[in-house]
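Worksheet for the structure shown next.
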Amino acid sequence: NFHKQGEVRKKELLQSCAVLGLPSSHITILDHRDLPDDPGVQWDPELVATLILKHIQIHHISL
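The sequence shown begins at 20 in our numbering and counts up by one.
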């Protein structure tokens, strides 16, 4: 929620995806305490990998 723009950015993302033909049901927006929207914070790669893998498994995404 950098610069308090979180809700605006979520809306923009969903609208952009809709223009590309992606339904909102296919979009996942994470609000994770260890992944702040702050360019000064480096995210933990292990945490990011774990969350992506979980998403892949839940949605049966073939790689």
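Just so it is clear, CB atoms sit at the ideal spot from N, CA and C, and this is done for glycine as well. Just so we're clear, the structure is a prediction, and the values are computed from it rather than from any experiment.
Rounded to whole angstroms, Thr69 and Pro55 show a C-alpha spacing of 16 Å. Around Leu33, the same chain offers Ser43, Ile46 as residues with beta carbons nearer than 7 Å, after the five sequence neighbours per side are excluded. The residues Leu70, in chain order, have a CB closer than 8 Å to that of Leu49 in the same chain once the five nearest residues on each side in sequence are set aside.
Annotated as proximal: Leu66 and Asp53, with beta-carbon spacing under 8 Å.
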